[in-house]
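Asks:
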Amino acid sequence: MTQLNKEFSHLLYIQCIPDRGKGDAIKLGIRHSSRDIILQIDADLQFWPEDIPALIYPIINNQADMTLGSRFLLDSQKALGSATLLRSFGNLFFSFYCSLLYRQKISDALAGFKAWKREVTESFNLTSHTFTYEIELFAKALRKNWRVQDMPVHYEMRKTGQSKVPIIKTGFRILRDALKFRFEKA
Numbered sequence: 000m001t002q003l004n005k006e007f008s009h010l011l012y013i014q015c016i017p018d019r020g021k022g023d024a025i026k027l028g029i030r031h032s033s034r035d036i037i038l039q040i041d042a043d044l045q046f047w048p049e050d051i052p053a054l055i056y057p058i059i060n061n062q063a064d065m066t067l068g069s070r071f072l073l074d075s076q077k078a079l080g081s082a083t084l085l086r087s088f089g090n091l092f093f094s095f096y097c098s099l100l101y102r103q104k105i106s107d108a109l110a111g112f113k114a115w116k117r118e119v120t121e122s123f124n125l126t127s128h129t130f131t132y133e134i135e136l137f138a139k140a141l142r143k144n145w146r147v148q149d150m151p152v153h154y155e156m157r158k159t160g161q162s163k164v165p166i167i168k169t170g171f172r173i174l175r176d177a178l179k180f181r182f183e184k185a
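For the sequence shown, numbering that gives the first Met the number 0 begins at 0 and goes up steadily by one.
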């Protein structure tokens with residue numbers, strides 16, 4: 000990290016200690032950010048950073064307040080074998096479930112590649128400590144009538160390591176929390 004900090008001095012490396020989950024890490028990053036647009040991209044290199052300009056374009060041009068990178072839109076490019084059949088099916092199922100709950104088409108509810116105006120997350124309180132943050136963010140944005148738009152992105156197999164997300168346990172949490180976020184006070 001020392002070498003990266005020297006090479007990219009304009010970037011800030013923040014370590015979330017103790018590691019309580021993705022939601023806490025994202026909230027910490029938001030608190031340390033200073034720009035008008037916040038971008039999230041998972042660090043496992045499955046999403047292409049080259050897609051960042053297309054992801055923020057609708058925000059810069061006031062066509063959207065939040066964009067969600069989608070691996071499932073027609074213009075998306077997903078490498079074969081980039082996700083197991085169970086993970087792909089689960090993601091499509093949860094996207095359909097969230098689309099019904101929130102009455103807006105969401106093609107990829109769990110993608111870790113998104114961007115939003117700072118004022119979006121300043122308009123509500125994020126409470127999730129874990130992976131269900133992915134649902135909470137767009138759920139609360141939709142409840143506050145922010146414009147959320149899906150954008151096609153490139154996606155490929157992770158280069159190293161394995162996902163630490165337990166599929167079944169997280170699946171039940173997503174079902175529960177998506178319902179909770181839908182009906183809690185905005």
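Ideal Cβ positions, reconstructed from N, Cα and C, are used throughout, including at glycine.
Ordered along the chain, which non-local residues of its own chain (more than five positions away) have a Cβ less than 7 Å from that of Phe93?
Replies: Answer for Phe93: Ala108, Leu109 and Ile173, listed in chain order.
Asks: Helix, strand or coil: how does DSSP classify Ala114 here?
Replies: strand
Asks: Looking at the secondary structure, which residues open and close the beta strand (DSSP E) in which Leu73 lies?
Replies: That residue, Leu73, is in no beta strand (DSSP E); it is neither H nor E in DSSP.
Asks: Please identify the residue among Leu91, Glu6 and Arg117 whose C-alpha is closest to the C-alpha of Ile105.
Replies: Leu91
Asks: Looking at Trp145: is its Cβ nearer than 8 Å to the Cβ of Asp50?
Replies: no
Asks: For Gln2, count neighbouring Cβ atoms within 10 angstroms of its own Cβ and tell me buried if that reaches 16, exposed if not.
Replies: exposed
Asks: When the Cα of Gln62 is compared with those of Gln39, His153, Lys116 and Thr129, which residue comes out closest?
Replies: Lys116
Asks: Evaluate contact between the stretch 137–144 and the stretch 33–53, counting only Cβ atoms and requiring at least three cross-stretch pairs below 8 Å.
Replies: no
Asks: With distance defined between alpha-carbon atoms, name the residue in Phe182, Met150 and Ser127 nearest to Thr169.
Replies: Ser127
Asks: Could you check if Val152 is buried or exposed, using at least 16 other CB atoms within 10 Å of its CB as the buried criterion?
Replies: buried
Asks: In chain order, what residues of the same chain have a beta carbon less than 6 Å from the beta carbon of Gly111, not counting five sequence neighbours either side?
Replies: Asp41
Asks: What does the alpha-carbon distance come out to for the pair Leu72 and Thr66?
Replies: Cα to Cα, Leu72 sits roughly 13 Å from Thr66.
Asks: In or out: Leu187 buried (at least 16 other Cβ within 10 Å) or exposed?
Replies: Residue numbering for the chain in the displayed model covers 0 to 185; residue 187 lies beyond these limits and cannot be assessed.
Asks: Could you compute how far the alpha carbon of Leu99 sits from the alpha carbon of Gln148?
Replies: 16 Å
Asks: Could you name each continuous beta strand (DSSP E) segment of 3 residues or more that falls completely within the stretch 1–52, going from the start of the chain to the end?
Replies: 36–40
Asks: For Val147, which of helix, strand or coil comes out of DSSP?
Replies: strand
Asks: Quick one: is Lys69 buried, meaning 16 or more other Cβ sit within 10 Å of its Cβ, or exposed?
Replies: Here residue 69 turns out to be Ser, not Lys, going by the sequence shown. Buried, because 16 or more other Cβ atoms sit within 10 Å of the Cβ of Ser69.
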